[in-house]
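What follows is one structure encoded as structure tokens, with my remarks underneath.
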Amino acid sequence: MRFSVKTGVPLLAAALALTACGGTTGGDDDNASGGGDAGSCEDIAIGYFGALTGAAANLGINIRNGVQLAVDQFNEENADCQVGLEEYDSAGDPNQATGLATQAIGDDSVIGIVGPAFSGESDTAGPIFAEGGLPTISASATNPALSTNGWDTFHRILGNDDSQGPAAATYISDVLQAPSVFVVDDASAYGAGLAEIVNESLADAVVGEDTIQTGQTDFSATITAIRDSGAEAVFFGGYYAEAGLLVQQMRGAGVDATFVVADGVKDPGFIEAAGDAAEGTIITCPCLPPEEQQEFFTAFEEAFGSAPATYSAEAYDAANVMLEGIKEGNTDRESLLEWINDYSGEGITKQVSFDESGEVENISVWAYKVENGEIVADQEIETD
Amino acid sequence: MSFLINNFVELTVTGLVLGAVYGLVALGYTLVYGVLQLINFAHSEVWMFGSFAAVWVTVAVGVAPGSALPVVIGVLLLALLAAMTVSGGVALLLERVAYRRLIRLDAPKLVALISAIGASFALAEIMGLRDRIVGWFGLRDDLDPYVRSARDNTRFRNPLETEGLFTVGGYTVTNVDVIIIVSAVVMMIALDQFIRRTRTGKGIRAVAQDSEAAALMGVNRNRIIRATFLVGGIMAGAAALLYLMRFGVTRWNAGFLLGVKAFTAAVLGGIGNVRGALLGGFVLGLAENYGSALIGSEWRDVVAFLLLVVILLFRPTGLLGESLGRARA
Numbered sequence: 013m014r015f016s017v018k019t020g021v022p023l024l025a026a027a028l029a030l031t032a033c034g035g036t037t038g039g040d041d042d043n044a045s046g047g048g049d050a051g052s053c054e055d056i057a058i059g060y061f062g063a064l065t066g067a068a069a070n071l072g073i074n075i076r077n078g079v080q081l082a083v084d085q086f087n088e089e090n091a092d093c094q095v096g097l098e099e100y101d102s103a104g105d106p107n108q109a110t111g112l113a114t115q116a117i118g119d120d121s122v123i124g125i126v127g128p129a130f131s132g133e134s135d136t137a138g139p140i141f142a143e144g145g146l147p148t149i150s151a152s153a154t155n156p157a158l159s160t161n162g163w164d165t166f167h168r169i170l171g172n173d174d175s176q177g178p179a180a181a182t183y184i185s186d187v188l189q190a191p192s193v194f195v196v197d198d199a200s201a202y203g204a205g206l207a208e209i210v211n212e213s214l215a216d217a218v219v220g221e222d223t224i225q226t227g228q229t230d231f232s233a234t235i236t237a238i239r240d241s242g243a244e245a246v247f248f249g250g251y252y253a254e255a256g257l258l259v260q261q262m263r264g265a266g267v268d269a270t271f272v273v274a275d276g277v278k279d280p281g282f283i284e285a286a287g288d289a290a291e292g293t294i295i296t297c298p299c300l301p302p303e304e305q306q307e308f309f310t311a312f313e314e315a316f317g318s319a320p321a322t323y324s325a326e327a328y329d330a331a332n333v334m335l336e337g338i339k340e341g342n343t344d345r346e347s348l349l350e351w352i353n354d355y356s357g358e359g360i361t362k363q364v365s366f367d368e369s370g371e372v373e374n375i376s377v378w379a380y381k382v383e384n385g386e387i388v389a390d391q392e393i394e395t396d
Numbered sequence: 369m370s371f372l373i374n375n376f377v378e379l380t381v382t383g384l385v386l387g388a389v390y391g392l393v394a395l396g397y398t399l400v401y402g403v404l405q406l407i408n409f410a411h412s413e414v415w416m417f418g419s420f421a422a423v424w425v426t427v428a429v430g431v432a433p434g435s436a437l438p439v440v441i442g443v444l445l446l447a448l449l450a451a452m453t454v455s456g457g458v459a460l461l462l463e464r465v466a467y468r469r470l471i472r473l474d475a476p477k478l479v480a481l482i483s484a485i486g487a488s489f490a491l492a493e494i495m496g497l498r499d500r501i502v503g504w505f506g507l508r509d510d511l512d513p514y515v516r517s518a519r520d521n522t523r524f525r526n527p528l529e530t531e532g533l534f535t536v537g538g539y540t541v542t543n544v545d546v547i548i549i550v551s552a553v554v555m556m557i558a559l560d561q562f563i564r565r566t567r568t569g570k571g572i573r574a575v576a577q578d579s580e581a582a583a584l585m586g587v588n589r590n591r592i593i594r595a596t597f598l599v600g601g602i603m604a605g606a607a608a609l610l611y612l613m614r615f616g617v618t619r620w621n622a623g624f625l626l627g628v629k630a631f632t633a634a635v636l637g638g639i640g641n642v643r644g645a646l647l648g649g650f651v652l653g654l655a656e657n658y659g660s661a662l663i664g665s666e667w668r669d670v671v672a673f674l675l676l677v678v679i680l681l682f683r684p685t686g687l688l689g690e691s692l693g694r695a696r697a
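In structure tokens:
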């Protein structure tokens with residue numbers, strides 16, 4: 013496996029180079045540098061990379077739908093430039109991600125990727141995209157370390173956990189004014205990273221911590237520890253599947269500490285699993301409430317029959333950055349990457365521009381709250 | 369360490385509750401192993417189907433929490449019946465499709481093992497894709513409450529509200545805790561008596577001891593094998609309802625982890641030994657909780673499986689050790 017990946021990537025790169033050469037020498041007198049000709053749009057696709065199945069599939073489907081909407085709108089407006097959408101369903105599994113990334117690199121028509129959706133898969137797929145020169149914009153992966161690997165193809169269109177973690181901590185200490193906090197994480201790249209940051213930010217207020225496993229269903233030992241600590245708030249770093257079970261069992265055991273979670277839980281699946289136990293849960297998210305984007309909201313609902321959910325709007329923005337680039341004639345990976353790096357424009361979620369490391373430059377974190385079985389916006393969290 | 373001592377009662381009770389569920393599922397592994405010397409790796413899916421049957425009953429009946437006691441008991445019994453029926457049915461189907469021909473042809477055990485693993489994947493994916501499957505028949509919208517978010521956690525709308533009964537050592541034991549532990553023990557005793565006293569039970573013991581001799585003595589081996597699968601399935605169905613009462617949600621792949629744990633419980637207690645299954649379940653549940661309390665939840669599986677290895681090193685046949693056939697029971 014290791015051997016095939018190592019030798020496979022250079023081989024693929026060589027093959028790509030060959031076909032690229034073949035294209036320019038064998039083709040007619042088209043403007044080789046590509047100046048926005050209608051003809052240069054043929055056989056172009058952007059990819060969606062992330063979970064469409066698996067335990068946290070909802071988060072991925074929200075993102076895919078955002079991308080889909082952007083592509084559909086683009087194709088409608090540009091009859092002479094039809095862009096395809098390739099889906100790479102990783103099931104959120106870092107191990108499956110490497111094979112899929114190699115597959116995406118091998119598909120010449122794919123010149124940009126919205127994704128990978130989660131931090132764990134971003135971590136394993138990132139180097140492959142970097143080596144293949146395929147630009148990516150994640151609409152959801154928030155582990156801060158991802159942008160420190162020197163992958164020049166990496167971008168993300170939302171604030172990372174270095175802004176979300178302290179924001180969650182600020183909310184717990186300033187708004188909830190909880191003197192004691194218990195921190196739980198799910199040992200994933202996303203959850204553990206976030207819990208670590210919250211832990212550091214809250215410092216002395218943390219009265220206990222515990223790590224659970226994804227897929228675990230019985231949390232009795234963790235709940236005993238929470239009760240024993242007497243914490244008034246519980247922060248959980250992880251995804252909605254475990255969060256729903258955890259809060260439900262907490263309430264069942266009579267623990268009424270405020271449950272604070274982050275963007276990975278901002279999904280109706282959380283409420284579906286937890287039921288009434290979800291009430292009052294605080295969810296932080298570096299994403300604007302959808303009410304702020306009326307036009308997008310309506311179009312999305314029309315297309316998919318449901319309201320846009322977490323990161324649909326971010327995905328829409330990410331796809332649009334790439335689509336604008338394609339329209340401007342950046343129809344290969346190299347020039348699209350350059351386009352994204354230099355991009356500066358108004359998205360529906362924020363003013364979009366990326367810094368050297370691929371982080372988006374404008375960040376805002378919001379707190380949401382579960383009320384009557386709905387996730388509603390609570391307030392923007394001030395961060396410094 | 370002081371954490372473990374201060375919360376000893378709570379950790380013990382919740383550990384026993386978890387262990388009771390492990391034990392009931394473990395029965396399915398242990399019975400089939402006792403009779404066929406096969407590990408039925410698809411048994412976790414038998415449990416999973418039962419859990420969905422129980423969920424669907426509560427969806428169909430639509431009972432609100434806080435209903436009158438007779439209604440609550442009625443709904444729970446109906447859910448129990450549905451879970452047992454579906455689990456028993458799936459177990460029989462499994463025997464028919466995945467095993468019967470292989471057993472008749474006397475295929476190597478490894479072949480049956482692979483067949484079981486394949487059946488396990490197929491059953492889990494069928495549940496995970498149920499929204500699309502009913503879609504083929506144009507029933508997607510009609511059956512929406514039963515099939516929506518097929519890949520996500522599905523919540524059991526428990527008609528019984530959890531209530532504290534009495535407080536011991538700082539922990540309030542709930543009605544659900546008591547129901548689960550008592551039911552598991554009662555069912556274990558009932559099964560033990562069934563195997564000890566009834567004609568079918570004698571048949572099961574006879575086939576487990578020496579299937580050829582049993583056949584010569586006029587025991588219908590195929591019928592006994594079917595009965596074994598059915599009994600294991602029924603127990604898994606009961607375990608499914610008890611699990612839902614405590615943990616509240618199920619999922620298409622929830623069987624996998626539970627299956628591994630239940631199988632471990634069966635081996636720990638002595639595979640092929642009915643009483644050992646429940647004992648193994650209790651020991652495993654307690655070990656997981658104590659282990660989590662001592663060094664943190666991320667170590668619970670390490671502690672539990674380390675214990676398994678240590679016990680098997682000293683008692684290779686498990687805690688109770690006797691096989692189904694040789695057991696006096």
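Chains as they are written, first to last, in our numbering: chain A, 13 to 396; chain B, 369 to 697.
Where is the CB? At the ideal position from N, CA and C, for every residue including glycine.
With 16 other Cβ atoms within 10 Å as the buried cut-off, status of residue i
i: GLY38 (chain A); result: Residue placement at GLY38 (chain A) is flagged as unreliable, the pLDDT there being 35, under the threshold of 50; the coordinate-derived value follows with that caveat. Counting Cβ neighbours within 10 Å, GLY38 (chain A) comes out exposed, since fewer than 16 surround it.
i: SER45 (chain A); result: Confidence at SER45 (chain A) is low in this model, with a pLDDT of 41, below 50, so its placement is unreliable and the value that follows should be read with caution. Label assigned to SER45 (chain A): exposed.
i: GLU383 (chain A); result: exposed
i: ASN590 (chain B); result: exposed
i: PHE489 (chain B); result: exposed
i: SER483 (chain B); result: buried
i: LEU533 (chain B); result: exposed
i: SER356 (chain A); result: exposed
i: ALA290 (chain A); result: buried
i: GLN228 (chain A); result: buried
i: THR154 (chain A); result: buried
i: ASN374 (chain A); result: exposed
i: ILE393 (chain A); result: buried
i: THR36 (chain A); result: No answer about THR36 (chain A) holds up, because its pLDDT of 36 lies below 50 and its placement is not dependable.
i: SER412 (chain B); result: buried
Residue closest to residue i, alpha-carbon to alpha-carbon, out of the options
i: PHE615 (chain B); options: B:THR382, B:PHE376, B:PHE371; result: B:THR382
i: LEU347 (chain B); options: B:SER370, B:LEU675, B:PRO433, B:VAL677; result: Residue 347 (chain B) falls outside the range modelled here, since chain B spans only 369 to 697, and no answer is possible.
i: GLY537 (chain B); options: A:VAL195, A:THR236, A:ASP186; result: A:THR236
i: CYS297 (chain A); options: A:PHE312, A:GLY242, A:ASN90, A:TYR380; result: A:TYR380
i: LEU257 (chain A); options: A:THR343, A:PRO156, A:GLU88, A:PHE231; result: A:PHE231
i: LEU497 (chain B); options: B:LEU478, B:GLY457, B:ARG519, B:LEU584; result: B:ARG519
i: LYS278 (chain A); options: A:THR293, A:ASP268, A:GLY264, A:ALA265; result: A:THR293
Beta-carbon gap between residue i and residue j smaller than 8 Å
i: ALA217 (chain A); j: SER192 (chain A); result: yes
i: ILE549 (chain B); j: LEU379 (chain B); result: no
i: LEU158 (chain A); j: SER134 (chain A); result: yes
i: SER12 (chain A); j: GLU326 (chain A); result: Absent from the structure is residue 12 (chain A), since the part of chain A shown begins at 13 and ends at 396.
i: ALA427 (chain A); j: THR270 (chain A); result: An answer regarding residue 427 (chain A) cannot be provided, because it is not within the stretch 13 to 396 covered by chain A.
i: ASN521 (chain B); j: THR530 (chain B); result: no
i: GLY132 (chain A); j: PRO106 (chain A); result: yes
i: ALA109 (chain A); j: ILE75 (chain A); result: no
i: ALA286 (chain A); j: GLN306 (chain A); result: no
i: ALA487 (chain B); j: LEU462 (chain B); result: yes
i: LEU214 (chain A); j: ILE184 (chain A); result: yes
i: VAL425 (chain B); j: LEU392 (chain B); result: no
i: VAL95 (chain A); j: ASN87 (chain A); result: yes
i: ALA595 (chain B); j: ILE572 (chain B); result: yes
Residue i CB to nearest heavy atom of the ligand HEM below 7 Å
i: GLN305 (chain A); result: Annotation note on the ligand HEM: not contained in the displayed structure, which lists no ligands.
Which residues, in order along the segment 374-393 of chain B, keep a beta-carbon less than 8 Å from a beta-carbon of chain A? ASN374, ASN375, GLU378, LEU379, THR382, GLY383, VAL385, LEU386
Taking any Cβ of chain A, which residues in the segment 647-661 of chain B have a Cβ under 9 Å from it, in chain order? GLY653, GLU656, ASN657, TYR658, GLY659, SER660, ALA661
Given 8 Å, three or more beta-carbon pairs between the segment 553-563 of chain B and the segment 588-606 of chain B: With the rule of 3 Cβ pairs closer than 8 Å, the segment 553-563 of chain B counts as touching the segment 588-606 of chain B.
Segment contact flag, the segment 342-355 of chain A with the segment 95-102 of chain A, C-beta cutoff 8 Å, min 3 pairs: Under the three-pair Cβ rule at 8 Å, the segment 342-355 of chain A does not count as touching the segment 95-102 of chain A.
Can you pull out the residues from the segment 87-110 of chain A whose beta carbon lies closer than 9 Å to at least one beta carbon of chain B? none
Under 8 Å, CB to CB, which of the residues in the segment 281-295 of chain A have a partner in chain B? GLY281, GLU284, ALA285, ALA286, GLY287
Touch test, the segment 623-639 of chain B against the segment 392-401 of chain B, Cβ-Cβ under 8 Å, three pairs minimum: yes
Report yes or no: do the segment 424-431 of chain B and the segment 679-687 of chain B share at least 3 C-beta pairs separated by less than 8 Å? no
If you measure beta-carbon to beta-carbon, which residues of the segment 600-617 of chain B are closer than 7 Å to chain A? For chain A, the residues of the segment 600-617 of chain B that bring a beta carbon within less than 7 Å of one of its beta carbons are PHE615, GLY616, VAL617, in chain order.
Return the residues of the segment 314-332 of chain A that lie within a Cβ-Cβ distance of less than 9 Å from chain B, sorted by chain order. none
Which residues of the segment 56-80 of chain A have a Cβ closer than 8 Å to any Cβ of chain B? Give them in chain order. THR65, GLY66, ALA67, ALA69, ASN70
Pair every Cβ in the segment 440-456 of chain B with every Cβ in the segment 473-482 of chain B, then say whether three or more of these pairs are closer than 8 Å. Taking a cut-off of 8 Å for Cβ pairs, the segment 440-456 of chain B and the segment 473-482 of chain B do not touch, as fewer than three such pairs fall below it.
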